[in-house]
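In our numbering, the protein residues as written are 431 to 670.
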C-alpha cells in the first residue's frame with residue numbers, strides 16, 4: 431500500500447537520515463523552591479525508523495509525562511526533542527498542531543473515537559484536518575481498513591464495535607497521514623490478553639512493513655516480546 435508523501439512543515443525541513451525520535455537530556459519539573467517536583471529526570475533516547483520501542487513502568491512512574499513530551503504535547507523544562515530531524519522545542523506553540531497532524535500518529539488507551547462518525551469517517555477526517563483535499567483519501571482509508579480486517583465495519587459507528595475493533599480503528603487512524611512516528615499510550619489497558627496482543631501485533635507489523643517508528647508506553651508485560659526494544663521508567667528515571 432502506498433501513500434502520497436505528506437508535505438513537511440513550512441518552518442522545518444525533515445532530514446530523512448535522522449532518528450524518527452531523539453530526546454536529548456530531556457527533563458520536566460513542576461513548581462519551584464521547596465515545592466519542586468521532578469516528573470522526568472534527564473533522559474536521552476533514540477528511536478529509529480522500523481523500530482517499535484516499549485516504555486514499561488508502573489503507574490505514576492512518569493510514562494505519561496514522557497509520552498506527552500515525545501509527542502510535542504508538553505514542553506520539557508530542559509533538553510531537546512527532535513522528530514525526524516526537527517527540533518520541536520524550538521517551534522512556536524501555534525505551529526505545533528499542524529506539525530503533529532503531519533508527522534505524528536497517536537493511539538490512546540480508550541481509542542478516543544468520535545461517537546457520531548463511522549469507522550471510515552474516523553480515518554478520512556484526519557487528512558482533512560491536515561488540509562489535504564486528496565481525492566484518494568477514501569481509497570487510502572479503505573485500504574488501511576482492509577489490511578486491519580475492518581472492511582465489513584467501515585460503515586459502523588463506534589458503539590457497534592468491540593474493544594479490540596475500536597483499538598484497530600485507532601491504529602488505522604494513526605497511520606492515515608503516513609506519520610513518521612506513532613505514539614501509543616497503554617493501547618492494551620482495556621483489552622483482554624488475546625485482543626491486546628492482536629492490537630500490538632498489528633502496530634508492530636505496520637512499523638516494520640512501512641519503516642515507521644513507534645513508542646508504546648505500557649505496564650502490560652504480556653506484549654513486550656512483540657517489541658524491538660524495551661526501556662523501563664521508574665520514578666521518572668528511564669533506563670535500558
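Just so it is clear, CB atoms sit at the ideal spot from N, CA and C, and this is done for glycine as well. The structure presented is a predicted model; accordingly, all values stated were derived computationally and were not measured.
- [ ] Run the proximity test for residue 511: is its beta-carbon closer than 7 angstroms to any non-hydrogen atom belonging to the ligand ZN?
- [x] This structure does not include the ligand ZN; it has no bound ligands of any sort.
- Task: Alpha carbon to alpha carbon, how far is residue 512 from residue 659? Give it in angstroms, no decimals.
- Result: As a first step, residue 659 is located in the chain shown; it is residue number 229 there, counting from the start. As a first step, residue 512 is located in the chain shown; it is residue number 82 there, counting from the start. When rounded, the distance between both Cα atoms is 20 angstroms.
- Which of the three DSSP states, helix, strand or coil, is assigned to residue 632? Along the chain shown, read from residue 1 onward, the residue named residue 632 stands at position 202. Looking at residue 632 - three-state DSSP - the assignment turns out to be helix.
Just to confirm my understanding: we take residue 545, look at its own chain, exclude 5 residues before and 5 after, and list those with CB closer than 6 angstroms. What are they? Along the chain shown, one-based indexing puts residue 545 at 115. Around residue 545: 588.
Checklist entry - Going by other Cβ atoms of all chains shown within 10 Å of its Cβ, with 16 needed for buried, is residue 561 buried or exposed? => result Counting from 1 along the chain shown, the entry for residue 561 is found at position 131. It counts as exposed.
Tell me the rounded alpha-carbon separation between residue 497 and residue 601. Residue 497 sits at position 67 when you count from the first residue of the chain shown. Residue 601 sits at position 171 when you count from the first residue of the chain shown. If I take the Cα positions, the gap works out to 17 angstroms.
Worksheet item: What is the DSSP secondary structure of residue 505, reduced to helix, strand or coil?
Response: The count along the chain shown starts at 1 and reaches residue 505 at position 75. The answer is coil: DSSP assigns residue 505 none of H, G, I, E or B.
Closest by CA to residue 578, which one among 557, 565, 554 and 603?
Along the chain shown, read from residue 1 onward, the residue named residue 578 stands at position 148. Residue 578 has its Cα closest to that of 603, out of 557, 565, 554 and 603.
query: Under the DSSP definition of a beta bridge, which residues are partnered with residue 615?
result: Here residue 615 corresponds to residue number 185 of the chain shown, with the count starting at 1. Residue 615 pairs with 647.
Q. In the structure shown, what three-state DSSP assignment does residue 449 receive?
A. Mapped onto the chain shown, residue 449 falls at position 19. Correct three-state label for residue 449: coil.
Check your understanding: Counting along the chain, where does the beta strand (DSSP E) carrying residue 557 start and finish?
Key -> Indexing the chain shown from 1 puts residue 557 at position 127. Run containing residue 557: none in the beta strand (DSSP E); it sits in the alpha helix (DSSP H), 549 to 559.
- Message: On the DSSP bridge list, what partners appear for residue 593?
- Response: Numbered from its first residue, the chain shown carries residue 593 at position 163. Paired residue(s): none; residue 593 is not in a bridge.
Inset, instruction - Determine the burial state of residue 492: buried for a count of at least 16 other Cβ atoms within 10 Å of its Cβ, exposed for fewer. - result: Locating residue 492 in the chain shown gives position 62, counting from the first residue. Its Cβ being crowded by 16 or more others within 10 Å, residue 492 is buried.
Hey, would you say residue 502 sits closer than 8 angstroms to residue 529, going by beta carbons?
Taking the chain shown and counting its residues from 1, one reaches residue 502 at position 72. Taking the chain shown and counting its residues from 1, one reaches residue 529 at position 99. Taking 8 angstroms as the Cβ cut-off, residue 502 and residue 529 qualify as a contacting pair.
Closest by C-alpha distance to residue 615, when choosing among 592, 650 and 608 = Taking the chain shown and counting its residues from 1, the one referred to as residue 615 is at position 185. Closest by alpha carbon: 650.
What is the rounded straight-line gap between the Cα of residue 467 and the Cα of residue 460? As a working note, residue 467 is residue 37 in the chain shown. As a working note, residue 460 is residue 30 in the chain shown. Going by the C-alpha atoms only, they are around 5 angstroms apart.
>> Looking at the strands, I want to know which residues DSSP matches up with residue 659.
In response: Indexing the chain shown from 1 puts residue 659 at position 229. In the DSSP output, where bridge partners are listed per residue, residue 659 has 483.
Using alpha carbons as the reference points, say which of 453, 448 and 652 lies closest to residue 510. Stepping through the chain shown from its first residue, residue 510 is reached at position 80. It is 453.
Check whether the region 606 to 615 and the region 640 to 654 are in contact - that is, three or more C-beta pairs closer than 8 angstroms. yes
Considering only C-alpha positions, which residue in the set 653, 567, 504 and 662 is nearest to residue 623?
The sequence position of residue 623 within the chain shown is 193, counting from 1. If we check each option's Cα against that of residue 623, 653 comes out closest.
By DSSP's criteria, residue 535 is part of a beta bridge. Which residues make up the other side? What you label residue 535 is simply residue 105 of the chain shown in a count that begins at 1. DSSP output for residue 535 lists 612 as bridge partner(s).
- Task: Determine the extent of the beta strand (DSSP E) in which residue 491 is found, giving its start and end residues.
- Result: The count along the chain shown starts at 1 and reaches residue 491 at position 61. No beta strand (DSSP E) contains residue 491, which DSSP labels as neither H nor E.
| task | Apply the 10 Å Cβ neighbour rule to residue 598 and answer buried if 16 or more other Cβ atoms are within range, or exposed otherwise. | result | Within the chain shown, the letter at position 168 stands for residue 598. So residue 598 counts as buried.
Verify the CB distance criterion: does residue 537 have a CB-CB separation below 8 angstroms to chain D?
No chain D appears in the structure shown, which is made up of a single protein chain.
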